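One line per chain: the protein sequences are E and W, in this order. For the first sequence, our numbering assigns the number 1144 to the initial residue and increments by one for each residue that follows. For the second sequence, our numbering assigns the number 1144 to the initial residue and increments by one for each residue that follows. Here's the structure, in structure tokens; my notes come after.
Number of protein chains: 2
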Amino acid sequence: MPSYRAPVEDVLFLLTDVLRIERFNNLPGFSEVTEDLASVILSEAGRFCADVLQPLNQTGDREGCKRRPNGEVTTPAGFKEAYRAFVEAGWLGLSADPAYGGQGLPYLFTVIVNEFASAANISFALYSGLTQAAFAAILTHGSDEQKKTYLPKLVRGAWSGTMNLTEPHCGTDLGLLKTKAIPNEDGSYAIHGQKIFISAGEHDLTENIIHLVLARIEGAPAGVKGISLFIVPKFLVEPDQKLGARNAVSCGSLEHKMGIHGNATCVMNYDGAKGFLVGEPNKGLNAMFVMMNEARLGVAGQGLGQSEIAYQNAAAYAKDRKQGRSFSAAKDQAEPEPIIVHPDIRRILLTIRGFNEAARALLLCVALEADVAHRSEDEAARQAASDRLGLLTPVLKGVLTDIGFDNTVLAQQVFGGHGYIGEWGVEQFVRDARIAMIYEGANGIQALDLVGRKLAKDNGRAVMAFFAEVAGFIKENAAEPDIKPFLEPLEKAVEHLRDASLWFMNNALMKPEQAAAGAYDYMHLFGLVALGYMWARIAKAALARRAHNNATQAMEFKLLIGAFFMERMMPESATRLARIRAGAETMMAPSAEMF
Amino acid sequence: MPSYRAPVEDVLFLLTDVLRIERFNNLPGFSEVTEDLASVILSEAGRFCADVLQPLNQTGDREGCKRRPNGEVTTPAGFKEAYRAFVEAGWLGLSADPAYGGQGLPYLFTVIVNEFASAANISFALYSGLTQAAFAAILTHGSDEQKKTYLPKLVRGAWSGTMNLTEPHCGTDLGLLKTKAIPNEDGSYAIHGQKIFISAGEHDLTENIIHLVLARIEGAPAGVKGISLFIVPKFLVEPDQKLGARNAVSCGSLEHKMGIHGNATCVMNYDGAKGFLVGEPNKGLNAMFVMMNEARLGVAGQGLGQSEIAYQNAAAYAKDRKQGRSFSAAKDQAEPEPIIVHPDIRRILLTIRGFNEAARALLLCVALEADVAHRSEDEAARQAASDRLGLLTPVLKGVLTDIGFDNTVLAQQVFGGHGYIGEWGVEQFVRDARIAMIYEGANGIQALDLVGRKLAKDNGRAVMAFFAEVAGFIKENAAEPDIKPFLEPLEKAVEHLRDASLWFMNNALMKPEQAAAGAYDYMHLFGLVALGYMWARIAKAALARRAHNNATQAMEFKLLIGAFFMERMMPESATRLARIRAGAETMMAPSAEMF
Chain E
1144 MPSYRAPVED VLFLLTDVLR IERFNNLPGF SEVTEDLASV ILSEAGRFCA
1194 DVLQPLNQTG DREGCKRRPN GEVTTPAGFK EAYRAFVEAG WLGLSADPAY
1244 GGQGLPYLFT VIVNEFASAA NISFALYSGL TQAAFAAILT HGSDEQKKTY
1294 LPKLVRGAWS GTMNLTEPHC GTDLGLLKTK AIPNEDGSYA IHGQKIFISA
1344 GEHDLTENII HLVLARIEGA PAGVKGISLF IVPKFLVEPD QKLGARNAVS
1394 CGSLEHKMGI HGNATCVMNY DGAKGFLVGE PNKGLNAMFV MMNEARLGVA
1444 GQGLGQSEIA YQNAAAYAKD RKQGRSFSAA KDQAEPEPII VHPDIRRILL
1494 TIRGFNEAAR ALLLCVALEA DVAHRSEDEA ARQAASDRLG LLTPVLKGVL
1544 TDIGFDNTVL AQQVFGGHGY IGEWGVEQFV RDARIAMIYE GANGIQALDL
1594 VGRKLAKDNG RAVMAFFAEV AGFIKENAAE PDIKPFLEPL EKAVEHLRDA
1644 SLWFMNNALM KPEQAAAGAY DYMHLFGLVA LGYMWARIAK AALARRAHNN
1694 ATQAMEFKLL IGAFFMERMM PESATRLARI RAGAETMMAP SAEMF
Chain W
1144 MPSYRAPVED VLFLLTDVLR IERFNNLPGF SEVTEDLASV ILSEAGRFCA
1194 DVLQPLNQTG DREGCKRRPN GEVTTPAGFK EAYRAFVEAG WLGLSADPAY
1244 GGQGLPYLFT VIVNEFASAA NISFALYSGL TQAAFAAILT HGSDEQKKTY
1294 LPKLVRGAWS GTMNLTEPHC GTDLGLLKTK AIPNEDGSYA IHGQKIFISA
1344 GEHDLTENII HLVLARIEGA PAGVKGISLF IVPKFLVEPD QKLGARNAVS
1394 CGSLEHKMGI HGNATCVMNY DGAKGFLVGE PNKGLNAMFV MMNEARLGVA
1444 GQGLGQSEIA YQNAAAYAKD RKQGRSFSAA KDQAEPEPII VHPDIRRILL
1494 TIRGFNEAAR ALLLCVALEA DVAHRSEDEA ARQAASDRLG LLTPVLKGVL
1544 TDIGFDNTVL AQQVFGGHGY IGEWGVEQFV RDARIAMIYE GANGIQALDL
1594 VGRKLAKDNG RAVMAFFAEV AGFIKENAAE PDIKPFLEPL EKAVEHLRDA
1644 SLWFMNNALM KPEQAAAGAY DYMHLFGLVA LGYMWARIAK AALARRAHNN
1694 ATQAMEFKLL IGAFFMERMM PESATRLARI RAGAETMMAP SAEMF
């Protein structure tokens, strides 16, 4: 049976020593969170995820969700009670606007709790995560009445949310979507169409489900410019907030998936269901993108979470499983030693851990930018934070889910044959983590978003600010001999990233295929630099603790993990650059029939 | 529903133009195989795998194997009939010694058919593959009587074989094994113990199952020097070859696995089962290694096979699925185009295909060495072939299964959300391919075998011969401008491999941890060089066809795929070298508790 312990100390170290969140005490919600309170909140959240959610992970995988003939869906045993407990403990509305019943704490905390929950039980975490994203979309684009009607119930977890984008013939290319919205006389719309891959589309956790649905109002322009966003509640809401008639939306079937069996992934049929327009007609994609961007950070946290639980279990196994002897063992030693003595096992564990710590730092960095972007009164700060958030969201989504998945596969290898059978639970991490590379925009789309949209935006303002910050850090710390081993590989990788960016500028402006051909490697190169930068910052903080005689074993370990990352991961930047420079020519030469 | 078409033309091109197998006409079994006959054999085998085995793959995954309370195991519907047809068509004994009813064709052909069968249905292919491996072990180490008793039945597929190594507390470290063999009065042994993860341990495909079991004769030395190999038939064999009493070996349970559900992975209980010693007492590991090495090439073929079927289905999907538009599409074009127009989709497809073609060339190269090693009358040729076989077996097993798995994951990404649901079948490729990285020696063990054993063996004779051959090829073709783009990146990677080998010599002799710490990257660096060398040879052959006005679209495509591989894959060699040079120091510094 796998187990989980939330990395609370690591998170607290990041908050206090690396991100130094006390700098943001002037933002709403931040001043309340003293170091002690943060510790209490995170310990509680960690305990909840470990004690309540994680034990339901393996059973939920085996049992799965079930659809009854009438279209109702039941979640695995224990999910309902756990969801109620999750909601009652306040985890759902942790950062939500107090005007609607939220606790108003920094969004940062929601991102942290999301990592813990996604590590413990990704299927479960999807239910609450989508509700938070629906909250954000309605908050940003809904009318006052819609906010009043839906937000308090969403925050309290009485109702849940979904995102309805995909249709059988239309995934990435939303311009093709066919779901129709026909105006009713009362100002609402009748929604007709079919949506697929709808996470949490139908379930028994909440009394109502608020579907956010993209559809095309009759007569709207073709393509993405004719898409509107609608609220389609499972049960219509009466003026007195009571639940009214059952709406004409139903779960047609459940998808049989590789993993996340505990989450109900539904085919949803809209047969003239009553829908309420959110925001302006034909501006639905903008509104949905609020939800999508929030969800993308959530999915990045899933990649990290799965990598974290995979690490923990692999490390525990490696300390327990005895097989072979170390090179330093006496020649006549007959007794086998724990496999953690073997360099190749350490290579795997340090590879995973080296990612996890830096990825967490990066995710929290960006979550903090989201807080600044939404809560600061300083316009310049808001803009800079918003730039950074936009730039790094695709990097986080793409890189944390790709490497997070790879790490579950690495962790599985530590278990040998035991990794392949269900009992140990690690093969489930692999199956569950795989989805995160696909949904909320497949990672190839994240790469295109980064290269095709985010780089050039505002004349490259966001990426230049990023380069300037990293260069500033390197310069500032150049005189510190202990940080040097972190700065040199970082500097080299930054140079490669700069070269890659220049290569795009020189080659892709006239021929965008050149950028598309290198986008994926660019995204990973960017991720590598960002993670390397995080390691340099973590190392600086750990060294500072050491200088204050406050060094613990944990800090020593961090410095070693970071050194491993710098030695072994950073050299990849050269390969990425070489691939980017290879360009599109060879790739685009074969005709389609040749493949 | 996934589909499969065996890459017969690609294989024939490799046989005739790249490997030029007509050079080996002096070896037994080779002269019979004219180009025409090879084409007929491979087309037939391909058709069988595509038409009979592949349709059972998805159904077999869903149905799985079932164990009845009495310990009997049934395979999924259709497996029994397919196995009979497989055997009757002669695929099982294709290369087996004619003295025992085999057809005596080159082993090369068995390796090719194994790739086809493993692509179509890896669960199915395991049943026959283990039987072939058992045949090889008994042929090499069995007594004349054992050969007479077991080999004809194994060749004809009336009986099947298994390998019994692993025990609950003992996987990689076979020295720990506890299964006991107590001498009976009749010269046989009573086998007591439990084995786990036994592929094809019990099933309904054959009338008898011949278990090859590692056990420790009472009083034998501790560790690997006290292990003996036994034949333990499910049904004892009477002197007249009829089946006698049921032996005391039974399937205690089936493992619940991530994939290969169609193969029965058993816990096997030996409760005083009658066993017959194979070869010398306490020399069991040597005998088992015959089986193991054969099985390792088989597993390499599984990695390649899964990568091949994943490619085929992803390419078909990419040509069919319409989503988005190419950069060259007219601005006002409303209709979406097949996703194969997108560079990132081509990146994925060419990455997979660039591996598949070179990996197949390498696998067949090495299979040919196995033929020479076993069939040549020239001692020097036998030795050189045996060296090459020993050197490249761990590389093939480790690299073809690692990258084969990665490629199934890449292919899955082409399908977007559809790749995650069972219907399309591609998620099964991921689950099935995963096991190949683990069994027959986890890939970390392959890396240690390469670096710790094969490199230094006979003063590095094998690796030096490999370097000399590649250097010779580069020199020989240096004047050909069309081959140059293949030689330059190859030369650079070879240099990195040489540097890595030197680094080990300089750093690991006194401190073997330095080698173990870099072994995994070294194995992949070696694989990269070997695959790059294959591409150079394929390119040469394709260019020769072009020079003879015999260029087809397929040859043009090969040159493009090869160019892609050289541009995008070969630069990885620098990263691998950097990691190797990072050494063991950082890795070994943390104490076990820190992890």
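For every residue, glycine included, the Cβ atom is placed at its ideal position computed from N, Cα and C. Small disclaimer: the values here were computed from a predicted structure and weren't measured.
E/L1535 sits away from E/V1254, with the two beta carbons spaced by 8 Å or more. Close to chain E, meaning a Cβ-Cβ distance shorter than 9 Å, are the following residues of the region 1335–1356 of chain W: I1339, F1340. If you compare the alpha carbons of E/M1401, E/E1715, E/V1392, E/L1317 with that of E/G1366, the shortest gap goes to E/L1317. Residue-level contact by beta carbon holds for W/K1462 and chain E, with a gap shorter than 8 Å. When Cβ pairs closer than 8 Å are counted between the two stretches, the region 1164–1182 of chain W is seen not to touch the region 1284–1299 of chain W, the count staying below three. Put simply, the CB of W/T1695 is far from chain E, with every gap to its CB atoms at 8 Å or more. Just measuring C-alpha positions, the residue of E/D1160, E/R1148, E/L1355, E/F1167 sitting nearest E/R1518 is E/F1167. Proximity of chain E to W/R1711 at the Cβ level (cut-off 7 Å) is accounted for by R1722, A1725, in chain order. For W/G1387, the closest Cβ of chain E is not nearer than 8 Å. Shortest Cα-Cα distance from W/W1678 to any of W/R1604, W/A1622, W/K1701 involves W/K1701. Separation of W/R1604 and E/A1732 (C-alpha to C-alpha, rounded to the nearest whole angstrom) is 42 Å.
Following the DSSP letters along the chain, one finds W/K1417 in no alpha helix (DSSP H) but inside the beta strand (DSSP E) bounded by residues 1408–1421.
Of all alpha-carbon atoms in E/A1599, E/T1322, E/G1661, E/V1613, the one lying nearest the alpha-carbon of W/I1488 is that of E/G1661. Taking all protein chains shown into account, E/G1330 has fewer than 16 neighbouring C-beta atoms within 10 Å of its C-beta and is therefore exposed. Within chain W, no C-beta atom comes nearer than 7 Å to that of E/F1498; the closest sits roughly 15 Å away.
Shown in chain order are the members of the region 1582–1606 of chain W whose Cβ falls below 9 Å from a Cβ of chain E: Y1582, A1585, N1586, G1587, I1588, A1590, L1591. Boundaries around E/M1306 are those of the beta strand (DSSP E), 1302–1307, since no alpha helix (DSSP H) includes it. Residues V1606 of the same chain have their beta carbon placed closer than 6 Å to that of W/L1598, with the five preceding and five following residues left out of the count.
Taking the C-beta atoms as reference points, E/Y1665 is found nearer than 8 Å to E/A1643. Around W/E1206, no beta-carbon contact reaches into chain E at under 7 Å, the shortest distance being about 14 Å.
Around the beta-carbon of W/P1364, fewer than 16 other beta-carbon atoms lie within 10 Å, marking it exposed. The way I'd put it, the region 1244–1258 of chain W does touch the region 1181–1199 of chain W; three or more beta-carbon pairs between them come closer than 8 Å.
Counting of Cβ neighbours within 10 angstroms places W/P1537 among the buried residues, the total reaching 16 or more. In the three-state DSSP reduction, E/H1517 falls in the helix class (H, G or I). Counting only runs of 4 or more residues that sit fully inside the region 1518–1583 of chain E, the alpha helix (DSSP H) segments are 1522–1557, 1569–1577, in chain order. DSSP lists E/Y1413 as the beta-bridge partner residues of E/G1336. Per DSSP, the continuous alpha helix (DSSP H) segment holding W/H1667 begins and ends at 1656–1690. Interface annotation for the region 1565–1580 of chain W against chain E: G1565, E1566, E1570, V1573, R1574, R1577, I1578, M1580, criterion Cβ-Cβ distance under 8 Å.
Spanning the alpha carbons of E/L1155 and E/A1181 requires a straight line of approximately 8 Å.
Close CB contacts of E/P1486 within its chain, under the 6 Å cut and outside five residues either way in sequence, are absent. Classified as exposed, E/R1163 has fewer than 16 neighbouring CB atoms from the shown chains inside 10 Å of its CB. Across the structure, E/K1323 and E/I1370 are spaced so that their CA atoms are roughly 10 Å apart. For E/P1364, the closest Cβ of chain W is not nearer than 8 Å.
Cβ neighbours of W/L1686 within its own chain (closer than 6 Å, five residues either side excluded): D1625.
For E/L1170, no alpha helix (DSSP H) segment is defined, and its DSSP state is neither H nor E.
In the DSSP assignment, the residues bridged to W/I1360 are W/A1324.
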